[in-house]
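Novice:
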Amino acid sequence: MTRGPAIALLELDGAPAGTVAADAMVKAAPIAAIRCGTVQPGKYVILIDGGVAEVEESLRAGRRTAGAALIDELLLPDVHPQVCDAIDAARRSPSGDALAIVETQTLAAVLAACDAAVKGAAVEIVEIRLGDGLGGRGLAHLTGAVTDAQAAVEIAQQSLADRGAEGRAAVIPLLHDEVGANVSQSTRFFGAP
29 MTRGPAIALL ELDGAPAGTV AADAMVKAAP IAAIRCGTVQ PGKYVILIDG
79 GVAEVEESLR AGRRTAGAAL IDELLLPDVH PQVCDAIDAA RRSPSGDALA
129 IVETQTLAAV LAACDAAVKG AAVEIVEIRL GDGLGGRGLA HLTGAVTDAQ
179 AAVEIAQQSL ADRGAEGRAA VIPLLHDEVG ANVSQSTRFF GAP
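Here is the structure:
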């Protein structure tokens with residue numbers, strides 16, 4: 029389970045470099061947890077959590093070891109609990125009037141955007157999807173009142189711009205019940221009702 033208070037993520041371009049980096053990270057500092065493995069299309073992702081100092085030290089070791097294989101990285105020293113829940117595959121049903129959708133080229137970018145959005149706007153994360161079934165992209169759905177969903181998208185887009193990351197976002201102001209039911213169950217085509 030991802031608990032924080034800090035999390036870090038390294039996104040690498042293959043399993044050999046990723047596995048070596050993961051090993052270096054757990055040897056560098058006593059982190060609380062590590063989750064690592066492959067996602068499409070051939071990326072290797074390492075997610076760690078624990079105390080801020082330990083996570084920072086572990087991230088430095090992973091970054092050093094990864095070298096040119098590093099695609100993107102993220103450090104959230106005070107991650108929002110909703111982000112941790114969503115990483116652990118907790119789903120919420122869209123409960124607000126609006127649905128915000130954020131899609132990014134990297135997993136680190138979607139986590140940073142979601143963390144900023146839930147800290148800056150009165151929205152809830154419906155889900156965060158990391159890589160698989162998305163060609164290695166990150167995808168998030170957030171829900172709230174229309175103005176809050178719009179604010180969340182603006183905050184997420186600013187987070188992406190600050191990182192120099194690519195992404196797309198949209199807001200559906202009055203989500204239709206059938207689309208809401210679909211999103212509640214799964215946003216994967218083959219997982220839809």
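Residue numbers for the sequence shown follow my numbering, beginning at 29 and rising by one. Yeah, the Cβ is synthetic: ideal placement off N, Cα and C, and Gly gets one too.
Among Ala34, Leu135, Leu98, Lys71, whose alpha-carbon lies nearest the alpha-carbon of Ser188?
Specialist: What sits at residue 188 in the sequence shown is Leu, not Ser. Of the candidates Ala34, Leu135, Leu98, Lys71, the one whose C-alpha sits nearest the C-alpha of Leu188 is Leu135.
Novice: One question on the structure: do Ala97 and Ala197 come within less than 8 Å of each other, judged by their Cβ atoms?
Specialist: No; because the gap between Cβ atoms is not below 8 Å, this pair is not in contact.
Novice: Are three or more beta carbon pairs between the stretch 51-65 and the stretch 82-99 nearer than 8 Å?
Specialist: Output reads yes: the stretch 82-99 touches the stretch 51-65.
Novice: In angstroms with no decimal places, state the Cα-to-Cα distance between Val111 and Asp143.
Specialist: Using only the alpha carbons, I get a separation of about 6 Å.
Novice: Under the three-state reduction of DSSP, which class applies to Arg191: helix, strand or coil?
Specialist: Note: Arg191 maps to helix in three-state DSSP.
Novice: What are the start and end residues of each continuous alpha helix (DSSP H) run of 4 or more residues lying completely inside the stretch 40-99, in chain order?
Specialist: Fully enclosed alpha helix (DSSP H) runs of 4 or longer: 43-56, 80-94.
Novice: Report the three-state DSSP secondary structure of Thr175 (helix, strand or coil).
Specialist: In the structure shown, Thr175 sits in a helix (DSSP, three-state: H, G or I).
Novice: Pull up the DSSP beta-bridge partners for Glu152, would you.
Specialist: Glu152 is bridged to Thr171.
Novice: CB His169 to CB Val154, shorter than 8 Å?
Specialist: Yes, the pair counts as a contact, with Cβ atoms nearer than the cut-off.
Novice: Taking buried to mean at least 16 other C-beta atoms within 10 Å of its own C-beta, is Asp100 buried or exposed?
Specialist: Buried: at least 16 other Cβ atoms inside 10 Å.
Novice: What does the Cβ neighbour count give for Asp160, buried or exposed, with the cut at 16 atoms within 10 Å?
Specialist: Classification of Asp160: exposed, given that the 10 Å Cβ count is below 16.
Novice: Please go through the same chain and pick out, in chain order, the residues whose beta-carbon is closer than 8 Å to the beta-carbon of Met126, but skip the five residues on each side of it.
Specialist: Note that residue 126 is Ala in the sequence shown here, rather than Met. Once the five neighbours on either side are set aside, the close Cβ partners of Ala126 are Thr171, Gly172, Ala173, Val174, Asp176, Ala177, Gln178, Val199, Ile200, Pro201, Leu202, Leu203.
Novice: In the structure shown, what three-state DSSP assignment does Gly166 receive?
Specialist: Of the three classes helix, strand and coil, the one that applies to Gly166 here is strand, per DSSP.
Novice: Would you kindly report the start and end of the unbroken beta strand (DSSP E) that includes Val130?
Specialist: Counting along the chain, the beta strand (DSSP E) containing Val130 begins and ends at 126-132.
Novice: Would you tell me roughly how many angstroms separate the C-alpha atoms of Arg191 and Val181, rounded to the nearest one?
Specialist: If I take the Cα positions, the gap works out to 15 Å.
Novice: Helix, strand or coil: how does DSSP classify Leu202 here?
Specialist: Coil at Leu202, not helix or strand.
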